[in-house]
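Below is one structure, written out as structure tokens; comments come after it.
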Amino acid sequence: MAPRRKGTTTPAAPMNQAAVQRMVAEGIAAAMENLYYLTYLSKAKNRDMVFYLMPSLEMLSFSGCGLTNGDLGTLSNSSTTLANIKHLDLGYNHFKGQFPGFFQNMTSLEFLDLSYFNFSLSRNSTNFLSTIGSFPKLSLSSCGLHNMHLSPNHLNSTTISIIRHLDLSHNLIEGRFPSVLINMSSLLSLDLSSNLLNSSVPIMPNLLRLDLSSNNFEHIEDAGIWRQCHLKELTVSDNLFKIELSESPKNVSECSQYAFERLHLDGSLKGAFPAESLGRMANLRGLSLSGNELTGPIPESLGRLRLLEVLDLFDSQLTGPIPTFIGELTQLDLSGNQLNGSIPESLGRLEALTELDLSDNQLTGPIPPSLQGLVSLQVFSVSSNSLNGTIPVSIGQFTKLKWLDMSNNSLEGVVCEAHFANLSTLKYLHTYSNSKLTFNVSREWKPPFQLVTAYLSFSKIINGFPQWLCWTLLNVLDAKGNQDGSKRKPA
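Residue 119 in full-length UniProt numbering sits at position 119 of the sequence shown; the count goes up by one each step and never skips.
Below, the structure written as structure tokens:
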């Protein structure tokens with residue numbers, strides 16, 4: 001969980017395709033025949049279809065290679081040669097029409113990804129699962145599947161009894177929950193996100209992970225939140241629930257309150273914060289409620305979740321002060337709300353915290369010195385608040401810090417070399433729009449870090465422009481409006 005406004009990194013330059021083809025033509029590919037102990041081969045983004053005798057090859061990826069049905073003939077002829085393949089990724093290519101059945105010859109195959117294979121154009125599309133074979137992990141995302149494909153009349157009972165992880169996301173499955181999935185007793189993980197489901201999810205006693213995000217559920221109870229006794233992770237984000245999630249219903253299963261470890265309800269809730277319902281989930285480790293339309297403050301009852309590690313309340317219209325948090329939080333995102341008051345001293349006791357984002361709120365007062373206790377911190381953002389006072393020198397002790405954003409506040413005082421003393425991993429430094437902030441760092445001083453971006457505009461820089469801001473590794477430098485008039489860019 002990094003700041004939501006974080007910039008993107010520059011992708012690595014692609015390999016020259018002509019050079020690859022010349023290597024193959026010159027005999028490099030033939031040498032692959034001797035790689036008896038090779039276990040993983042990725043040909044992603046490379047159209048060259050080269051199959052050689054590699055007895056130990058276990059993972060093969062052709063994801064996003066632009067392959068067509070004609071290329072499957074080569075793979076079909078090699079299915080007996082590649083007898084030890086356990087992981088085969090053919091996703092995001094240009095397959096369509098008749099579904100190939102050669103996977104049945106790959107007896108060691110455990111994972112098969114056929115995402116973006118348009119089965120709706122195939123003459124035998126309704127029988128596709130009976131021809132695939134028996135694999136524990138199967139991904140059929142974005143395949144144009146609809147309810148008829150999941151009819152019990154078109155499925156192989158042996159196949160469905162073996163599948164443990166099934167991805168049916170981004171398809172056209174609508175209405176009632178597919179009954180055939182209930183009989184898949186070995187199923188541990190099921191992804192039905194981005195479909196058109198709207199009816200009650202039945203009890204699936206062995207299921208551990210369920211993703212129902214971006215469907216048409218109107219009532220959160222229909223997602224089975226109070227009836228699943230073994231479910232560890234439930235994602236029901238981006239549904240439009242019409243009823244508030246307040247008190248749990250009277251017919252709630254007691255065990256469900258102790259089962260959940262990860263709960264994602266982003267962009268789905270309106271009304272009061274579901275304090276009592278969530279506060280009873282004693283084993284919850286991850287809670288994400290971002291992008292909701294909640295009213296009122298963050299409840300103190302969240303402090304009862306002593307195992308909570310990740311709390312994401314980004315952009316949920318919450319008001320009031322930041323409560324006292326206990327537990328073992330490693331990531332805390334309260335950004336984009338309307339929280340007020342000061343930053344509580346108690347946050348400094350969260351020694352395991354790696355990411356703290358309090359940006360875009362209405363917080364006032366100074367940055368508390370107690371935050372020096374955050375010895376594991378990697379991301380710290382308090383930008384776009386009304387914070388004042390000086391920046392604690394103890395920030396210089398955040399030895400793991402990569403992202404520091406204190407921009408757009410009313411901070412003042414002098415920033416000196418001691419503030420950066422041990423920030424050896426710092427990459428992003430944003431302090432712009434703090435007009436009373438003064439940088440007093442020697443021009444010749446060599447910091448322990450190498451920045452990627454530096455936004456220092458509308459503050460004071462004395463002793464001349466620092467030489468370390470001219471390093472070639474710096475991608476972005478914004479120092480406009482500083483009072484010494486320096487607008488020098490990196491050399």
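Where is the CB? At the ideal position from N, CA and C, for every residue including glycine. All figures in this text were calculated on a predicted structure; none of them were measured in a lab.
I'd like the list of long-range same chain contacts for residue i, defined as Cβ closer than 8 Å, with 5 residues on each side in sequence excluded.
i, result
"Pro-323", "Pro-297, Ile-298, Pro-299, Glu-300, Leu-302, Gly-303, Pro-344"
"Arg-164", "Pro-136, Lys-137, Ser-186, Leu-187, Leu-188, Ser-189"
"Glu-110", "Lys-86, His-87, Phe-135, Pro-136, Lys-137"
Could you give the distance in angstroms between the alpha-carbon of residue i and the alpha-carbon of residue j?
i, j, result
"Leu-477", "His-430", "10 Å"
"Arg-227", "Ile-203", "7 Å"
"Pro-152", "Gly-291", "38 Å"
"Cys-143", "Cys-229", "31 Å"
"Glu-218", "Leu-140", "26 Å"
"Gly-464", "Gly-373", "34 Å"
"Leu-197", "Leu-240", "12 Å"
"Ser-383", "Ile-367", "12 Å"
"Cys-416", "Lys-232", "48 Å"
"Met-210", "Gln-317", "According to the sequence as given, residue 210 is Leu; it is not Met. If I take the Cα positions, the gap works out to 27 Å."
"Ser-459", "Asn-388", "14 Å"
"Leu-287", "Asn-183", "30 Å"
"residue 503", "Arg-176", "Because the chain here runs from 1 to 491, residue 503 falls outside it and cannot be looked at."
"Ser-268", "Gln-257", "20 Å"
"Gln-331", "Met-148", "42 Å"
"Asn-434", "Asp-238", "37 Å"
"Gln-338", "Gly-396", "29 Å"
"Gln-378", "Val-236", "29 Å"
"Leu-305", "Leu-284", "7 Å"
"Met-106", "Tyr-432", "58 Å"
"Trp-468", "Leu-334", "33 Å"
"Pro-447", "Ser-410", "25 Å"
"Ala-421", "Gly-271", "46 Å"
"Leu-329", "Asp-312", "11 Å"
"Leu-192", "Leu-212", "5 Å"
"Met-49", "Val-180", "The pLDDT assigned to Met-49 is 44, lower than 50, so where the model puts this residue is not dependable; a value taken from the coordinates is nonetheless given after this. C-alpha separation (whole angstroms): 37 Å."
Nearest CA to the CA of residue i: which residue from the options?
i, options, result
"Val-445", "Thr-107, Cys-470, His-219, His-165", "As written in the sequence, residue 445 is Trp, which differs from the Val given in the question. Closest option to Trp-445, Cα to Cα, is Cys-470."
"Asn-171", "Ser-186, Leu-145, Ser-161", "Leu-145"
"Leu-371", "Ile-162, Phe-398, Pro-205, Thr-453", "Phe-398"
"Asn-412", "Gln-317, His-87, Asn-283, Val-393", "The displayed chain sequence assigns Glu, not Asn, to residue 412. The shortest C-alpha separation from Glu-412 is found at Val-393."
"Gly-341", "Gly-279, Pro-321, Leu-353", "Pro-321"
"Thr-438", "Thr-390, Lys-427, Phe-449, Leu-473", "Thr-390"
"Ile-162", "Gly-175, Tyr-432, Ser-185, Met-148", "Ser-185"
"Leu-473", "Leu-451, Arg-443, Phe-458", "Leu-451"
"Ser-376", "Gly-348, Thr-364, Asn-385", "Gly-348"
"Tyr-428", "Leu-339, Asn-434, Phe-103, Phe-449", "Phe-449"
"Cys-65", "Tyr-116, Leu-192, Asn-105", "Tyr-116"
"Leu-358", "Asn-408, Arg-176, Glu-328, Thr-425", "Asn-408"
"His-419", "Ser-410, Pro-369, Ser-386", "Pro-369"
"Ala-282", "Leu-212, Glu-261, Asn-440", "Glu-261"
"Leu-265", "Ile-225, Ala-259, Arg-280", "Ile-225"
"Leu-423", "Val-441, Val-414, Lys-400, Val-180", "Lys-400"
"Gly-279", "Gly-271, Leu-308, Lys-270", "Leu-308"
"Ala-259", "Asn-216, Lys-270, Gly-271, Leu-208", "Leu-208"
"Leu-442", "Leu-426, Pro-466, Thr-425, Tyr-455", "Contrary to the premise, residue 442 reads as Ser rather than Leu in this sequence. Ranking the options by Cα distance to Ser-442, first place goes to Pro-466."
Sorted by chain position, which residues of the same chain lie with C-beta nearer than 6 Å to residue i's C-beta, five sequence neighbours on each side aside?
i, result
"Gly-336", "Phe-314, Asp-315, Asp-360"
"Ser-194", "Ser-169, His-170, Ser-214"
"Asn-118", "Lys-96, Gly-144"
"Phe-273", "Leu-294, Gly-296, Pro-299"
"Glu-174", "Leu-196"
"Ser-381", "Pro-3, Asp-357, Ser-359, Asp-405"
"Ser-200", "Asp-222"
"Pro-178", "Leu-150"
"Leu-234", "Leu-210, Leu-263"
State buried or exposed for residue i, treating a residue as buried only when at least 16 other CB atoms are found within 10 Å of its CB.
i, result
"Gln-362", "exposed"
"Leu-94", "Checking the displayed sequence, the identity of residue 94 turns out to be His instead of Leu. His-94 comes out exposed."
"Lys-436", "exposed"
"Lys-402", "buried"
"Asn-206", "exposed"
"Glu-351", "exposed"
"Glu-276", "exposed"
"Thr-68", "exposed"
"Thr-354", "buried"
"Gly-365", "exposed"
"Ile-462", "exposed"
"Asn-385", "buried"
Can you list, in chain order, the residues of its chain whose CB lies under 7 Å from that of residue i, leaving out five sequence neighbours each side?
i, result
"Gly-91", "Ser-63, Asp-113, Leu-114, Ser-115, Tyr-116, Ser-139"
"Ser-346", "Thr-324, Phe-325"
Of all the CB atoms in chain C, is at least one closer than 8 Å to the CB of residue i?
i, result
"His-430", "Reference to chain C is not applicable here, since this structure consists of a single protein chain."
#### Entry: Contained beta strand (DSSP E) runs [length at least 3] in the stretch 313 to 391, N- to C-terminal order
Within the stretch 313 to 391, the runs of beta strand (DSSP E) at least 3 residues long that lie entirely inside it are, in chain order, 331 to 333, 338 to 341, 355 to 357, 362 to 365, 379 to 381, 386 to 390.
### Message
Runs of 3 residues minimum, wholly inside the stretch 180 to 229: which ones carry the beta strand (DSSP E) assignment?
### Response
The stretch 180 to 229 contains these whole beta strand (DSSP E) runs: 189 to 191, 209 to 211.
### Message
Please give me, in chain order, every unbroken run of the beta strand (DSSP E) with length at least 3 that falls completely inside the stretch 404 to 473.
### Response
Here the runs fully enclosed are 410 to 415, 428 to 430, 436 to 440, 453 to 455, 460 to 462.
#### Entry: Unbroken stretches of the alpha helix (DSSP H), 4 residues or longer, contained in the stretch 260 to 323
Qualifying alpha helix (DSSP H) stretches, in chain order: 275 to 279.
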